[in-house]
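To start, the structure itself, in structure tokens.
What follows is the structure, encoded as structure tokens:
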């Protein structure tokens with residue numbers, strides 16, 4: 007059984023589609039702040055208050071794998087405090103929920119450069135979130151650190167669009183670890199890693215994400 011936390015964003019939507027079609031999972035639960043509108047025979051969508059996330063445990067029961075794609079931007083959140091609430095508080099609460107549900111592994115979309123001591127607020131929060139999840143001592147913790155993400159979003163992100171354009175022009179000379187990753191590559195890699203199983207903490211950056219996704223297509 008799989009639980010997807012945050013199924014309405016770029017990676018969440020892609021993961022939802024792939025998990026719903028994956029025979030490895032007989033049941034799929036999602037936790038969202040607003041209804042996503044997708045239905046599937048094995049899908050149960052839970053519209054929850056992330057301020058009281060523990061209340062969802064009784065509706066879900068035991069799960070094996072928890073995929074977390076929660077994330078926002080400071081401009082969308084409205085303030086650094088609101089950004090922290092989503093990208094730290096809600097994600098760490100999801101990790102605690104995973105333990106309560108008996109999950110064997112927690113798979114998180116983080117960011118390249120995540121560092122609790124980073125000078126920039128965004129990467130510092132990402133790093134502090136990773137550190138907090140590590141301290142929970144989950145049986146398995148997979149941290150995916152893509153560089154820029156490519157895909158069709160419902161929202162327009164100017165910085166991301168400019169970054170992808172620049173990286174596209176510089177792609178021949180860019181190191182593999184900072185080349186953009188598509189939503190399909192990241193979602194595919196997360197599912198493959200979950201299938202193989204994670205113990206302890208493992209990090210996956212753009213190069214390894216693309217390699218795992220490519221191996222999935224070739225198998």
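Residue numbers (my numbering): 7 to 225. Note that beta-carbon positions come from the ideal geometry of N, C-alpha and C, so glycine has one too.
In the DSSP assignment, residue 151 falls within the beta strand (DSSP E) that extends over 146-151. Cβ atoms of residue 103 and residue 212 stay farther apart than 8 Å, at about 28 Å. The residue among 198, 144, 90 and 16 with its C-alpha nearest the C-alpha of residue 132 is 90. A direct Cα-Cα distance of roughly 27 Å separates residue 185 from residue 111.
In the structure shown, the three-state DSSP call for residue 216 is helix.
Non-local C-beta neighbours of residue 30 in its own chain, meaning closer than 7 Å and more than five positions away in sequence, comprise 201, ordered along the chain. For residue 113, the enclosing beta strand (DSSP E) stretches over residues 111-115. Looking from the CA of residue 7, the closest CA among 98, 114, 35 and 88 belongs to 35. For residue 203, the number of other beta carbons within 10 angstroms of its own is below 16, and it is reported as exposed. Inclusion of residue 17 and residue 193 in the CB contact set at 7 Å is warranted, their separation being smaller than that value.
For residue 71, the enclosing beta strand (DSSP E) covers residues 71-74.
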